[in-house]
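Student: Residue numbers (my numbering), protein chains in the order written: chain G, 877 to 1066; chain X, 877 to 1066.
First, the structure itself, so that you have it in front of you.
Protein chains: 2
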Amino acid sequence: MQMLKDRIVKDGQVIGTEIVKVDCFLNHQIDVDLVSEIGKEFARFADLPINKILTIESSGIALACATAMHMGNLPVVFAKKAAPNTMTDGYYYTEVTSFTKKAVYTVIVSKKYLSEQDNILIIDDFLAYGEAAFGLIDLTKQAGAAVCGFGAAVEKAFQGGGDKLRKEGYRVESLSVIASIEDDHITFRE
Amino acid sequence: MQMLKDRIVKDGQVIGTEIVKVDCFLNHQIDVDLVSEIGKEFARFADLPINKILTIESSGIALACATAMHMGNLPVVFAKKAAPNTMTDGYYYTEVTSFTKKAVYTVIVSKKYLSEQDNILIIDDFLAYGEAAFGLIDLTKQAGAAVCGFGAAVEKAFQGGGDKLRKEGYRVESLSVIASIEDDHITFRE
């Protein structure tokens, strides 16, 4: 998605060789016009019988909602981050490691909002090592729901999460795929 | 907003006399059609020279984005909840007490995304005691920005936050105002 790649180059903040922050248009300040265009792109999953979109708070919410709007107003469910050992009665829960934040957190979804009738599209802002993605897949599986696909705005290919998902047979669509970050320069995979 | 009130009555989960959970359409599972209608309602603030919408993660994000879309794609900034004593260099920060969760948390906004040029509309899902609202107002003031108004999807009038804001001269628009919750019955203020 050229518009997104251009924006990452223009406004992304590169830190070292692993991190690009998109705080000024996706993760802290949100450009809703861009977000809406991203949602339109993710509607490419509309060939699948998806009935619900799953994401994780907070950065995934705007993207998931925009996608839902472009796919016939599907319901969005966002998984919540909870402190470890939070009371998890009535919730599916899993643990996710954040390499960026060097922390492990518990992620929960109420059993009311995921069921074996569901065909889930997972949407997130970043796909890096795949930790959040596999966490959301785990929650989906616990509910007996099907994962139809995974959509990421930004995939950091060099961290391997996307290819790990593809190798396991998941359909992954990333709207921008960063091959490498070197000397403040971002190289996208074609 | 009748559509919202009807939904609260139909799907809200009353707990005691103080809490109504709207997890199944706003706070955990999101009905994007309803959220879009809410955004359309909040566009009533368009008579003011608002240039940015401020909210707080996570439940405010979808509503703020929908509002921004109906007000000419304004930028949205969401304040982040951080653990107390988080490094706050480069951030405005304040403390907010959550009566529902019986916790105090630090709320931060990067100094990059609020400035004295900004005319801010604050959007949130709930307006209860007003703690989050006054926290967001505090952040806005620290930046020297102006608060043009406050929009809440659900105001719990019996907890007084809305009237406290109005008494201080803020324009507050709540799309549903709950006067009381008794015996599982929600009474709206006309």
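No residue lacks a Cβ here, since even glycine has one placed at the ideal position from N, Cα and C.
All values derive from a computational prediction rather than experimental measurement.
1. Can you tell which of Phe1064/G, Leu1012/G, Thr976/G and Leu997/G has its C-alpha closest to the C-alpha of Gly892/G?
2. May I have a chain-ordered list of the beta strand (DSSP E) segments no shorter than 3 residues that lie completely inside the region 975-1012 of chain G?
3. In the DSSP assignment, the alpha helix (DSSP H) including Gly948/G goes from what residue to what residue?
4. So which residues of chain G does Asn995/X contact, with C-beta pairs closer than 9 Å?
5. Among the candidates Asp1059/X, Ala944/X, Ser934/X and Ile999/X, whose CA atom is the shortest distance from the CA of Gly1038/X?
6. Identify every residue that forms a DSSP beta bridge with Gly936/X.
7. Find out if the Cβ-Cβ distance for the pair Ala938/G, Cys900/X is shorter than 8 Å.
8. Should the region 877-893 of chain X be called in touch with the region 916-931 of chain G, which here means at least 3 C-beta pairs below 8 Å?
9. Got a sec, what are the start and stop residues for the alpha helix (DSSP H) Gln878/X sits in?
10. Taking Gly1037/G as part of the alpha helix (DSSP H), name the residues at either end of that continuous run.
11. DSSP state of Gly915/X, grouped into three classes?
12. Return the chain-ordered list of same chain residues with a C-beta closer than 8 Å to the C-beta of Ala839/X, the five sequence neighbours on each side being excluded.
13. Could you check what DSSP says for Thr970/G in three-state terms: helix, strand or coil?
14. Starting from Val1023/X and walking both ways along the beta strand (DSSP E), at which residues does that stretch end?
15. Can you say whether Glu894/G is buried or exposed, counting buried as having 16 or more other CB atoms within 10 angstroms of its CB?
16. What number of angstroms, rounded off, separates the C-alpha of Met877/X from the C-alpha of Gly966/G?
17. Does the beta-carbon of Val980/G have 16 or more other beta-carbons within 10 angstroms, so that it is buried, or is it exposed?
18. So what does DSSP say about Leu1051/X, is it helix, strand or coil?
Tutor: Considering the structure as presented:
1. Looking up residue 892/G in the first sequence gives position 16. Of the listed residues, the one whose Cα sits closest to Gly892/G is Thr976/G.
2. Runs of the beta strand (DSSP E) inside the region 975-1012 of chain G: 979-986 and 995-1003.
3. Indexing the first sequence from 1 puts residue 948/G at position 72. Neither: Gly948/G is in no alpha helix (DSSP H) and is coded neither H nor E.
4. Taking the first residue of the second sequence as position 1, residue 995/X is located at position 119. Under the 9 Å cutoff, chain G gives no residues; its nearest Cβ is about 15 Å from Asn995/X.
5. In the second sequence, residue 1038/X corresponds to position 162, counting from 1. Looking from the CA of Gly1038/X, the closest CA among Asp1059/X, Ala944/X, Ser934/X and Ile999/X belongs to Ile999/X.
6. Translated into positions along the second sequence, residue 936/X becomes position 60. Bridge partners of Gly936/X: none, in fact.
7. Along the first sequence, one-based indexing puts residue 938/G at 62. Along the second sequence, one-based indexing puts residue 900/X at 24. Not a contact, by the Cβ cut-off of 8 Å.
8. In the pairwise beta carbon analysis, the region 877-893 of chain X is classified as not touching the region 916-931 of chain G: fewer than three pairs are separated by under 8 Å.
9. Here residue 878/X corresponds to residue number 2 of the second sequence, with the count starting at 1. For Gln878/X, the enclosing alpha helix (DSSP H) covers residues Gln878 to Asp887.
10. Here residue 1037/G is taken as the residue at index 161 of the first sequence, counted from 1. Gly1037 to Lys1043 is the extent of the alpha helix (DSSP H) around Gly1037/G.
11. Translated into positions along the second sequence, residue 915/X becomes position 39. Here Gly915/X sits in helix by DSSP.
12. A query on residue 839/X cannot be resolved here, the shown segment of chain X reaching from 877 to 1066 and no further.
13. Within the first sequence, numbered from 1, the residue matching residue 970/G stands at position 94. Secondary structure at Thr970/G: strand, using DSSP grouped into helix, strand and coil.
14. Residue mapping note: residue 1023/X aligns to position 147 of the second sequence, counting from 1. Here the beta strand (DSSP E) through Val1023/X covers Ala1022 to Lys1032.
15. Mapped onto the first sequence, residue 894/G falls at position 18. Exposed: under 16 other Cβ atoms inside 10 Å.
16. Position 1 of the second sequence holds residue 877/X. Position 90 of the first sequence holds residue 966/G. Rounded to the nearest whole angstrom, the C-alpha separation of Met877/X and Gly966/G is 31 Å.
17. In the first sequence, the residue the question calls residue 980/G occupies position 104. Under this definition Val980/G is an exposed residue.
18. On the second sequence, position 175 is the one that residue 1051/X refers to. When secondary structure is reduced to three states using DSSP, Leu1051/X falls in the strand class.
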